[in-house]
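According to this note's numbering, the sequence shown holds residues 579 to 1049 in order. All remarks here apply to the structure that follows.
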Amino acid sequence: MSRLVVVSNRVSIPDPTGKGSAGGLAVALREAFQAYQGLWFGWSGKVSAHPSTEPKMVDKGNVHYALMDLTSIDRQEYYNGFANRALWPIMHYRLGLSEFSRADYAGYLRVNRSFANALARLIRPDDLIWVHDYHLIPLAAELRALGLTNRIGYFHHIPWPAPEVFGTLPGSRELLRTITDYDLVGVQTERDADNLRRGIVQELGATQRKSDLISLNGRQSRVKGFPIGIDVAGFQQAARRPATHRLVKQTIANLGSRRLIIGVDRLDYSKGIPERMEAFERFLVSNPDQRGHVTYLQIAPTSRSEVPEYASLSRTVSETLGRINGSLGEPGWVPIHYVTSTYPRSVLAGLYRIAHVGLVTPMRDGMNLVAKEFVAAQNPEDPGVLVLSKFAGAAQQLNDALIVNPNDKFEVAEAIGDALHMDRAERVARWQRMMKTLQDYDVSWWADSFLKELSGHKGVSKARSPVPIGE
């Protein structure tokens, strides 16, 4: 039986205290792989004076963790530089924010080569290898150069842009070539899959033999959509628990009779937080009778603070927040509450459940699991309404949300009003249809579908006692 080897930029080792909050990818892997035994390889998150040549091994039950440290120059060039200042904005259609540096690109390739050299020594001949996200696009090519013939899959968690957009990035042609060293490439939506397949065909002269099969230089790769899901039952269970956390109880007490509108995002320019605040402002200006009767809570943990674009975004959000609260606030009522703390999913589930409206309006997003979590957390008898950007991958599945263009603050403001005034029968009907989709395509479906495709329907060895990953 094959062993499963997961490779990602960051490795999140389970916290025995249960404290802390893992990021979206770590949560997805925890949910997806708690039943599988194998190896999780990647960056430890630590910076050391000397580069790692051998990973530090940590065993947690049936899962083995292999952790690589980076040097400060590696972190700057590979992570802050090429991955997050060149690739990330291009993937999210923000061409004006993409900054390419030959040194950063060389660092990106160097770290991928270093990871491959260390990982190759841990790989068994029948291991299935599953690589995650844009930090590690060239990893399969580096492993192939070392002689590995294992089945290697790649999942791209963020959007894949149209060929004419991705093609503006120097080095994009070589990155496309390295994609073809994977046996299976998964993306969030069929739109993303079509963009990637067209890019490979147009830029490299590959042949598209079937709808999802690409052939180049005698090698075949499949490029398909595998929309990532959530642990629906687990999230529902968390949401149904009594509101015992201090923050949830305090929020309920402070709301009184006011209705809650909630947004939860990492602080990133792709999430459209300033634009969303302005849309809420437009709603209050157009509906003055709602002032004092609704509260918008925006939770936005900060990230990548060393990247200049993120520091600039933080200032923009703060200025927008101050202007709106200063101009529309009243004694005893603040229109927008803004917090940058990170909360565990049990707290978020409780907040989602008491919210009347979930605002998920990214400018561009691969999937956006907040949209799915908001739906899963709702009270079946009196659910809230999801307002969802048409540029989030989740909009391809949750078409019973109120779908909006996040660039149009008038349209978003109108949707907020529609959500607040929607009658219970319509809210229940919409919620039931969305829940059916979430249950049919949950995180287990996502992992099982990808791994079956990658392995050719061969079995992957499962742990006898499941081990949670990434908490």
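In this text, a Cβ means the ideal position worked out from N, Cα and C, and glycines have one as well.
Please say whether Gly620 and Arg581 have beta carbons closer to each other than 7 Å? no
Contacts around Pro879, its chain only, beta-carbon distance under 8 Å, and the 5 residues preceding and following it disregarded: Arg844, Leu845, Thr918, Ser919 and Thr920
Distance, Glu959 Cα to Lys788 Cα: 45 Å
Helix, strand or coil: how does DSSP classify Ile707 here? strand
The beta strand (DSSP E) enclosing Met669, as first and last residue numbers: Element bounds for Met669: not the beta strand (DSSP E) but the alpha helix (DSSP H), Trp666 to Met669.
Taking its Cβ as the centre, do 16 or more other Cβ atoms sit within 10 Å of Met1012, making it buried, or is it exposed? buried
For Phe988, count neighbouring Cβ atoms within 10 angstroms of its own Cβ and tell me buried if that reaches 16, exposed if not. exposed
Bridge partners of Glu908, per DSSP? Trp911
Helix, strand or coil at Arg1042 according to DSSP, with G and I counted as helix: Bear in mind that the predicted position of Arg1042 carries a pLDDT of just 37, short of 50, making it too unreliable to give a figure here.
Buried or exposed: which applies to Pro909, given that a residue is buried once 16 or more other Cβ atoms fall within 10 Å of its Cβ? exposed
In three-state terms, what does DSSP make of Gln1010? helix
Would you give the residue range spanned by the alpha helix (DSSP H) that Thr829 belongs to? Arg824 to Leu833
Output yes or no for whether 7 Å exceeds the beta carbon distance between Ser650 and Val689. no
The beta strand (DSSP E) enclosing Phe619, as first and last residue numbers: Gly616 to Val625
Take Pro940 and list the residues in its own chain whose beta-carbon comes closer than 8 Å to its own, dropping the five residues that flank it on each side. Asp843, Ser848, Lys849, Gly850, Asn946, Ser967, Phe969, Ala970 and Pro984
Sequence-distant residues of its chain with Cβ nearer than 7 Å to Arg755 (five each side left out): Leu782
Where the beta strand (DSSP E) through Leu582 begins and ends: Leu582 to Arg588
May I ask you to report which of helix, strand or coil DSSP gives Tyr921? coil
Quick one: what's Val872 bridged to in DSSP? Arg837
Let me know the beta strand (DSSP E) ranges lying completely inside the segment 924-984, each 3 residues or longer, listed in chain order. 935-938, 963-967 and 980-982
Once you ignore the five residues that flank Leu675 on each side, which residues in its own chain have a CB closer than 6 Å to its CB? Pro667 and Glu887
Please classify Ala889: does DSSP put it in a helix, a strand, or coil? helix
Please list the terminal residues of the continuous beta strand (DSSP E) segment that includes Arg1059. The structure shown does not extend to residue 1059, since the chain is modelled only from 579 to 1049, so the question has no answer here.
Under a three-way DSSP split, which group does Ala1051 fall into? The structure shown does not extend to residue 1051, since the chain spans only 579 to 1049, so no value can be given for it.
To the nearest angstrom, report how far apart Pro913 and Pro820 are at their CA atoms. 27 Å
Under the rule that 16 or more other beta-carbon atoms within 10 Å means buried, what is Arg797, buried or exposed? exposed
When you compare only the Cα positions, how much space is there between Gly803 and Trp1024? 10 Å
Looking at the secondary structure, which residues open and close the alpha helix (DSSP H) in which Asp1026 lies? Val1021 to Ser1033
Just the Cα atoms here: how many angstroms apart are Gln815 and Glu853? 33 Å
Return the chain-ordered list of same chain residues with a C-beta closer than 8 Å to the C-beta of Val925, the five sequence neighbours on each side being excluded. His823, Leu825 and Val826
Between which two residues does the beta strand (DSSP E) harbouring Ile808 extend? Note, Ile808: premise wrong, no beta strand (DSSP E); not H, not E.
Report the three-state DSSP secondary structure of Lys1138 (helix, strand or coil). This structure cannot settle anything about residue 1138, because the visible part of the chain is limited to 579 through 1049.
Output the distance between the C-alpha atoms of Pro633 and Leu645, rounded to the nearest integer angstrom. 5 Å
So, using beta-carbon positions, are Glu655 and Asp682 closer together than 7 Å? yes
Less than 7 Å between CB atoms is the rule here; does Asp978 satisfy it with respect to chain B? Here there is only one protein chain, and chain B is not present.
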